[in-house]
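Heads up, the sequence shown is in the numbering used here, so the first residue is 74 and it goes up one at a time.
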Amino acid sequence: YLMEPSPLAKLLQLAEIGAGDSVLDVGCGTGYSAALLSRLARSVIALESDSALAEIAGSALSALACDNVTVVTGPLAQGHAVKAPYDVIFVGGSVEEVPAALLDQLAEEGR
């Protein structure tokens, strides 16, 4: 799944990501959103549940010199608590309800 560029750009704009922000990219797929986020934020954790996609993302992000991105594999609904809290948690898809684990990993003034 790859989000269309225009809706993705709008979501990134609404998130008001700053140069000092730490971002969790949930469902990073092949790394497209993480590559964009890497140019806006201080650091990005790119979380993907599919290990094959995570490997592709890691290679692509490395080739693009996105040195502030770390790709991790794991269940999307659990987030990545090791590097929490995050200033921004970006979910690359739709969810009926935001998992409690993700909300717990959001910084106090996070978005």
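A virtual CB, placed ideally from N, CA and C, is assigned to each residue, including glycine. Model, not experiment: these values are computed from the prediction.
Our contact map puts residue i next to residue j with C-beta atoms below 8 Å; I'd like the distance itself, whole angstroms only.
i: Leu-188; j: Gly-100; result: As displayed, the chain neither begins before 74 nor continues past 184, which places residue 188 out of reach and without an answer.
Does the distance from the CB of residue i to the CB of residue j come in under 9 Å?
i: Leu-97; j: Gln-178; result: yes
i: Leu-81; j: Leu-113; result: no
i: Ala-116; j: Ser-95; result: Inspection of the sequence shows that residue 116 is occupied by Ser rather than by Ala. Yes.
i: Ser-106; j: Asn-141; result: no
i: Ala-138; j: Gly-102; result: no
i: Val-145; j: Ala-125; result: no
Take the Cβ of residue i as the centre, count every other Cβ of all protein chains shown within 10 Å, and call the residue buried at 16 or more, exposed below.
i: Leu-134; result: buried
i: Leu-75; result: exposed
i: Ala-136; result: exposed
i: Glu-121; result: buried
i: Ala-127; result: buried
i: Leu-175; result: buried
Out of the options, point me to the one whose CA is closest to residue i's CA.
i: Leu-87; options: Phe-163, Leu-176 and Glu-181; result: Phe-163
Quiz item: Where in the region 125-170 do unbroken runs of the beta strand (DSSP E), each at least 3 residues long, occur, reported from the N-terminal end onward?
Solution: 142-146 and 161-164
Self-check item: beta strand (DSSP E) runs contained entirely in the region 83-111, provided each spans 3 or more residues
Solution: 95-99
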